[in-house]
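The structure appears right after this line, and notes come after that.
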Amino acid sequence: EQAAAQKMVSAALPERFRVGTSRRAPSATYDYLIVGAGFAGSVLAERLAADAGKRVLICDRRPHIGGNTYDHYDEAAILVHKYGPHIFHTNSEDIFAYLSRFTAWRPYEHRVLAQAGDLRLPIPINRTTLNALYNIDLTSDAEAERFLADRAEPCDPVKTSRDVVISQVGAELYRTFFEGYTRKQWGLDPSELDRSVTARIPTRTNTDDRYFLDRFQAMPLDGFTRMFERMLNHDNITVMVGTDFADLRRESLADHTIFTGPIDEYFGHCFGHLPYRSLRFTHETHDVRRLLPVAVINYPSEDVPYTRVTEYKHLTGQVHPMTSISYEYASAEGEPYYPIPRPENQALYKQYESLARTRDDVTFVGRLGTYKYYNMDQVVGQALATYRRLRDRHGSSRTL
Ligand code: FAD
Numbered sequence: 380e381q382a383a384a385q386k387m388v389s390a391a392l393p394e395r396f397r398v399g400t401s402r403r404a405p406s407a408t409y410d411y412l413i414v415g416a417g418f419a420g421s422v423l424a425e426r427l428a429a430d431a432g433k434r435v436l437i438c439d440r441r442p443h444i445g446g447n448t449y450d451h452y453d454e455a456a457i458l459v460h461k462y463g464p465h466i467f468h469t470n471s472e473d474i475f476a477y478l479s480r481f482t483a484w485r486p487y488e489h490r491v492l493a494q495a496g497d498l499r500l501p502i503p504i505n506r507t508t509l510n511a512l513y514n515i516d517l518t519s520d521a522e523a524e525r526f527l528a529d530r531a532e533p534c535d536p537v538k539t540s541r542d543v544v545i546s547q548v549g550a551e552l553y554r555t556f557f558e559g560y561t562r563k564q565w566g567l568d569p570s571e572l573d574r575s576v577t578a579r580i581p582t583r584t585n586t587d588d589r590y591f592l593d594r595f596q597a598m599p600l601d602g603f604t605r606m607f608e609r610m611l612n613h614d615n616i617t618v619m620v621g622t623d624f625a626d627l628r629r630e631s632l633a634d635h636t637i638f639t640g641p642i643d644e645y646f647g648h649c650f651g652h653l654p655y656r657s658l659r660f661t662h663e664t665h666d667v668r669r670l671l672p673v674a675v676i677n678y679p680s681e682d683v684p685y686t687r688v689t690e691y692k693h694l695t696g697q698v699h700p701m702t703s704i705s706y707e708y709a710s711a712e713g714e715p716y717y718p719i720p721r722p723e724n725q726a727l728y729k730q731y732e733s734l735a736r737t738r739d740d741v742t743f744v745g746r747l748g749t750y751k752y753y754n755m756d757q758v759v760g761q762a763l764a765t766y767r768r769l770r771d772r773h774g775s776s777r778t779l
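Numbered by UniProt numbering, the letters in the sequence shown go through residues 380 to 779 in order.
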């Protein structure tokens, strides 16, 4: 298995990358050991190496770089996202400019339809969704606002994910689009989840059917993995994939560790396990040019076991006579993907965070390191801010 992993990596990484194995650690020492080669770890590796002149060893237990955004060509030579669809969007010009050093972009505006009975309707809910679902003809924002206001059920205080939706659009739209989807996604009823989960999903009274409204919406032209390769392609950076931190931690390879894996794992779960939601994907290739009208179809019904289906060619713009799709299933078991936003979990995380504050030999960054749902751009922003703090604390040979 290890040999197969190494082979995959050699195919994906430029020749000059030194790829280690979990059996043999390098003998050199480094200024920083970075655990996790996703956005958090890779941005920090790039900045520390290229801007501060530090020597960095970055490892990932998966057989590839890129973390959850890893994309690759499948057997049919179609570019797919191994861990589900990732669409880049940000309002930050600085973050977009920083990433643009490592990739050109393909403009892409994401659209999602939700399967409601026989209908496929735009999500987030907009005026088109309402008109099609209720077979009505709302023609202005004001009419749609009144329509929603008539259905909204005031909740005071708005505490849970259920409260957020019910107070905006009422019980019927809540049941059609949110209840089943959220239960499948989180394994919890929306009434048991923090309001932040559904507060991220807007309701619109216009007919804008884009999923995101950010200023910058684009996909890396050659894919995420290529972008990460360029980011990590530096003489001061050594990359070891297929390598777990557990196999390196006793080697004293660096004075400072940057950990982007689960914070509770780093501390041996000393206060207990932080709960994470996991995902499972099945991938298929079909001998047709196009299967779906948009990149993603959501399935809110609990009668359907998966949460969504993605057709990747919409995201990548690839021209190919066949098409690849993936089905996404949420599960309690498996690799950690999503921190579960509930007050008791946050309280447990705070214990780990306090412990982390007492340690100056390790810094926690990223979605799992800080136990919070972040989009890619937010993780890049967090990593750049962390870099500036480390640079000020540990000194650098150059300035930003
Ligand atoms: P990760 O990408 O998870 O990287 C952490 C890495 O650390 C992993 O590769 C892991 O293998 C490694 N690791 C952990 N522990 C160890 C260890 N002990 N030893 C060695 N390695 C270790 N964001 C968007 O902006 N747009 C989207 O459309 C979008 N879609 C998403 C869809 C899905 C299904 C998911 C799960 C997330 C999505 N996100 C999206 C969020 C995005 O994936 C994250 O913001 C981003 O990947 C977080 O980067 P990270 O470096 O913090 O974590």
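Glycine included, each C-beta is placed from N, C-alpha and C at the ideal position.
query                                                                                                                           : result
Contact test: residue 674 Cβ vs the ligand FAD heavy atom, cutoff 7 Å                                                           : no
Residue 707 (DSSP reduced to helix, strand or coil)                                                                             : strand
At least three beta-carbon pairs within less than 8 Å, the stretch 638 to 656 to the stretch 722 to 731                         : yes
Every unbroken beta strand (DSSP E) within the stretch 675 to 724, with a cutoff of 3 residues, ordered by chain                : 675 to 677, 687 to 690 and 702 to 710
Exposure label - residue 704; buried when at least 16 CB within 10 Å                                                            : buried
Residue 402 (DSSP reduced to helix, strand or coil)                                                                             : Confidence at residue 402 is low in this model, with a pLDDT of 37, below 50, so the placement of that residue should be treated as unreliable; the coordinate-derived value is given next. Coil, per DSSP.
Any non-hydrogen atom of the ligand FAD closer than 7 Å to residue 528 Cβ                                                       : no
Counted within 10 angstroms of its Cβ, other Cβ atoms place residue 631 as buried (16 or more) or exposed                       : exposed
The ligand FAD heavy atom lying under 7 Å from the CB of residue 742                                                            : no
Residue 649 beta carbon near the ligand FAD (any heavy atom closer than 7 Å)                                                    : no
Rounded separation between residue 486 and residue 598 - CA only                                                                : 6 Å
Assigned secondary structure, residue 456 (DSSP; H/G/I helix, E/B strand, else coil)                                            : coil
Completely contained alpha helix (DSSP H) runs for the stretch 563 to 625, where each covers 4 or more residues                 : 575 to 578 and 603 to 611
Minimum C-alpha distance to residue 537 - residue among 526, 525 and 578                                                        : 578
Cβ pair residue 590, residue 490 closer than 8 Å                                                                                : yes
Residue environment, residue 474, which counts as buried when at least 16 other CB atoms sit within 10 Å                        : buried
Which of helix, strand or coil DSSP assigns to residue 666                                                                      : coil
For residue 764, the nearest candidate out of 413, 410 and 423 (CA to CA)                                                       : 423
Supposed close pair residue 675, residue 689 - CB separation, criterion 8 Å                                                     : 5 Å
Buried versus exposed, by CB contacts within 10 Å (16 or more), residue 540                                                     : buried
Test item: CB-CB of residue 683 and residue 444 under 8 Å                                                                       : no
Sufficient close CB pairs (3 or more, under 8 Å) joining the stretch 424 to 436 to the stretch 561 to 574                       : no
Any non-hydrogen atom of the ligand FAD within 7 Å of residue 747 CB                                                            : yes
Cut-off 8 Å between Cβ atoms - residues of its own chain near residue 605, not counting five sequence neighbours on either side : 482 and 599
Distance cut-off 7 Å: residue 610 Cβ against heavy atoms of the ligand FAD                                                      : no
Alpha helix (DSSP H) segment containing residue 556, residue limits                                                             : No alpha helix (DSSP H) holds residue 556; DSSP gives it neither H nor E.
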